[in-house]
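Trainee: I'd like to ask you about the structure that follows.
Number of protein chains: 2
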Amino acid sequence: MFIDGLECSNFDREIFQELRAGGLGCVTVTCGFWEDGLESMDALVAWRALVRANDDLVRVATTAAEIEAIHAGGRTALLLGFQNSSFLAGRIGYVELFADLGVRVAQLTYNIQNDVGASCYDLEDAGLTRYGREVVGEMNRVGMVIDLSHVGERTSIEAVEHSAAPVAITHANPASLVPHARNKSDALLKALAARGGVLGVSGYRNISGEYAASADAWAEMVARTVDLIGLDHVGIGSDLGRKVVDADLRWMRQGRWTRTTQYGAGSAANPGKQPPLEWFPDTTAFPGLAEALTRRGFDPTEVAAVMGGNWLRFYRQVLPAHPPTSEE
Amino acid sequence: MFIDGLECSNFDREIFQELRAGGLGCVTVTCGFWEDGLESMDALVAWRALVRANDDLVRVATTAAEIEAIHAGGRTALLLGFQNSSFLAGRIGYVELFADLGVRVAQLTYNIQNDVGASCYDLEDAGLTRYGREVVGEMNRVGMVIDLSHVGERTSIEAVEHSAAPVAITHANPASLVPHARNKSDALLKALAARGGVLGVSGYRNISGEYAASADAWAEMVARTVDLIGLDHVGIGSDLGRKVVDADLRWMRQGRWTRTTQYGAGSAANPGKQPPLEWFPDTTAFPGLAEALTRRGFDPTEVAAVMGGNWLRFYRQVLPAHPPTSEE
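Chains as they are written, first to last, in my numbering: chain A, 1 to 328; chain B, 329 to 656.
This is the structure in structure tokens:
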């Protein structure tokens, strides 16, 4: 089963069809970046409507068994995720409520420090807060994936250490291969791997450098990442932003926290939306990734692990065993 | 099984123990009156914590089967209810989200007109709004009890007619027996009964007049109500407010909608919290209600119907057959 650890596309029927064409068994979608409690509920309402309208193509999964069943039924399983903890509105109790509503992945911070910890772009990182430790514990309890992709180094290390369950970096690359604030230190990646976590390697141009040049270059980055942290801990997190437009990019990068232009993973010299990768314009190109891994020397078992098997094992460990009920 | 169709007590362990002592199988509790979306989520968080801390006495039920199982296990089942539709924050999609979080009863309005319809205290009642019709339909779909206790006459009639499922008046009395804005016309009660609904007869002093004088007087009101709408449609809705203090009463009556003193079901001449009924100080007195009904001439089958059987049949019809899951 092919699994994409994170996408931030503006999903619609066409993009769902691309998931099917690419043979995707499971994708984590982004339900929000800066949205508050009510706005996040609104996002869930909108996602339910979108999924119901495309029930022949996709379904929401809340357990690993559901991912497998949805895949076996010829559909793509969607994991509902937020790229920030703002949906919690500062309430520890909302971790459980949103889990009951199907949310399965949450990044602790997006691009600026919040009540949980620091982002990868903050100049100072004071680590996981007292509330942050509670959030991590509560996410462990309800079976929500802790995502550290945009999270600061110290906060991330402390989250790895504090978490009782393996944690994820759904979409980033090793900084030792591509130096960038969004990429991750070897120390963090090794700590994550030592606790059973998974890194979703991304081809996103802004954080992939020369490895974005071709599927083979990307496969080389995967191979070097496997050398660094071991085969079991490497998956894919494309960070694909199909149909993301400038207004979306502004919302992602600036949210409501600044009046100044922000470039996110870009820069003043490189301010705009990145053009699609020629070799990965959308998820229909997923089989090509497997072929590139094969050309790079991965055997079929290894290819299967990177293309989805590692994520599925991780989800089996981290997601709850049963669908949510209000009475537990 | 004894069932109380509505209480607004400030529940704590002592009050849960009273439920057990009274032999209550199920009680609908009030999670909020004027609270907005986030405040209502906060209320659910608080209710979950309270119920978990008293798991030996009470559990939340989301289906009729759960009510019966919780009762069989020696606990009291709680149905989570709101006495207003403000928790929806104007969102049709929140009916389903809050249902997924366990909410099973909602009054369409509290004491002032809202986006759904008019309350029983409004001088004009323009009926169920377009949004209100959608809310009723959505409550039908997810299996949420539509409560008309504080709802205006025309809005109520239209809700009865528009609803595909039987509806409830969880706590009120026939206005033909006790004239009061909070009590219900014969026309409304008969329409409700004709569609399979249930009225919870209350002993609350402000809306019970002479029938609040004793358990036997209350039983007489029950008998006259049965004469009016039939045995199958009469249950109990005590409206009990154990440990409700003046600040609670102010919140119920004034919410945030007025700077002036409001008396709710009371009056300027009768402004305060009503003293407890000597014959019904708390739910430990429930067996006494059954005895009073027997003295009034109800046979054991009829007593059982009024004391809980009618509510249970209603819940079997209206509540969903299965506990909520995020994936349906």
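Every residue gets a Cβ at the ideal spot worked out from N, C-alpha and C, and that includes glycine.
(1) Listed in chain order, which residues of the region 75 to 94 of chain A have Cβ atoms closer than 9 Å to some Cβ of chain B?
(2) When you compare the CB positions of R432 of chain B and L406 of chain B, do they come within less than 7 Å of one another, or not?
(3) DSSP puts K512 of chain B in a beta bridge; with which residues?
(4) In chain order, what residues of the same chain have a beta carbon less than 7 Å from the beta carbon of F11 of chain A, not counting five sequence neighbours either side?
(5) Between the region 15 to 42 of chain A and chain B, which residues of the former have CB atoms less than 9 Å from a CB of the latter, in chain order?
(6) Excluding the 5 residues preceding and the 5 following L577 of chain B in the sequence, name in chain order all residues of the same chain whose CB lies nearer than 7 Å to its CB.
(7) In chain A, what lies closer than 8 Å to L425 of chain B by C-beta?
(8) Out of B:W585, B:A551, B:S566, B:T629, state which residue places its alpha-carbon closest to the alpha-carbon of S477 of chain B.
(9) Short of 6 Å in beta carbon distance, which residues of its chain neighbour I15 of chain A, apart from the five on each side in sequence? Order them along the chain.
(10) With a threshold of 8 Å, are at least 3 pairs of Cβ atoms found where one atom belongs to the region 198 to 213 of chain A and the other to the region 170 to 182 of chain A?
(11) Please classify I92 of chain A: is it buried, with 16 or more other beta-carbons within 10 angstroms of its beta-carbon, or exposed?
(12) Which two residues bound the contiguous alpha helix (DSSP H) that contains L347 of chain B?
(13) When you compare only the Cα positions, how much space is there between A541 of chain B and D332 of chain B?
(14) Please identify the residue among A:A268, A:L319, A:P276 whose C-alpha is closest to the C-alpha of L240 of chain A.
(15) Please state the DSSP three-state secondary structure of E656 of chain B.
(16) Can you tell me where the beta strand (DSSP E) holding L407 of chain B begins and where it ends?
(17) Going straight from the alpha carbon of G418 of chain B to that of A89 of chain A, what length do you get?
(18) Pull up the distance between the alpha-carbon of R469 of chain B and that of L556 of chain B, whole angstroms please.
(19) For the putative contact between A519 of chain B and I485 of chain B, defined by C-beta atoms under 8 Å, what is the C-beta separation to the nearest angstrom?
(20) Take F280 of chain A and list the residues in its own chain whose beta-carbon comes closer than 8 Å to its own, dropping the five residues that flank it on each side.
(21) Can you tell me whether F608 of chain B is helix, strand or coil according to DSSP?
(22) Cα separation between A181 of chain A and V95 of chain A?
(23) Let me check one thing: in DSSP terms, what residues is C8 of chain A bridge-paired to?
(24) Give the straight-line distance between the Cα atoms of M369 of chain B and T483 of chain B, rounded to the nearest whole angstrom.
(25) Expressed to the nearest angstrom, what Euclidean distance is found between the alpha-carbon atoms of W375 of chain B and T294 of chain A?
(26) Please report whether the beta-carbon of L416 of chain B lies at a distance below 7 Å from any beta-carbon of chain E.
(27) From Y121 of chain A to L429 of chain B, what distance separates their C-alpha atoms?
(28) Candidates A:F82, A:G209, A:V306, A:A65: which alpha carbon is nearest Q329 of chain A's?
(29) Which residue marks the beginning of the beta strand (DSSP E) containing Q254 of chain A, and which one marks its end?
Mentor: In this structure, then:
(1) Listed by position, the residues of the region 75 to 94 of chain A near chain B (Cβ gap below 9 Å) are L80, A89, R91, I92, G93, Y94.
(2) no
(3) B:P502
(4) V29, L50
(5) D36, G37, L38, M41, D42
(6) Spatial neighbours of L577 of chain B in its own chain (CB-CB distance under 7 Å, excluding positions within 5 residues in sequence) are listed in chain order as K601.
(7) Within 8 Å Cβ-Cβ: M41, L44, V45, L101.
(8) B:S566
(9) S9, R242
(10) yes
(11) exposed
(12) 341 to 349
(13) 20 Å
(14) A:P276
(15) In this predicted model, E656 of chain B has a pLDDT of only 43, less than 50, meaning its place in the structure is not dependable enough to derive any value.
(16) 404 to 410
(17) 19 Å
(18) 30 Å
(19) About 6 Å separates the two Cβ atoms, so the contact holds.
(20) G203, A215, W218, S238, L240, G288, L289
(21) Here F608 of chain B sits in strand by DSSP.
(22) Spanning the alpha carbons of A181 of chain A and V95 of chain A requires a straight line of approximately 28 Å.
(23) In the DSSP output, where bridge partners are listed per residue, C8 of chain A has none listed.
(24) 27 Å
(25) 54 Å
(26) Here chain E cannot be found, since the structure's protein chains are A and B.
(27) 36 Å
(28) Residue 329 of chain A lies beyond the residue range present for chain A, which begins at 1 and ends at 328; the question has no answer from this structure.
(29) No beta strand (DSSP E) contains Q254 of chain A, which is instead part of the alpha helix (DSSP H) from 246 to 254.
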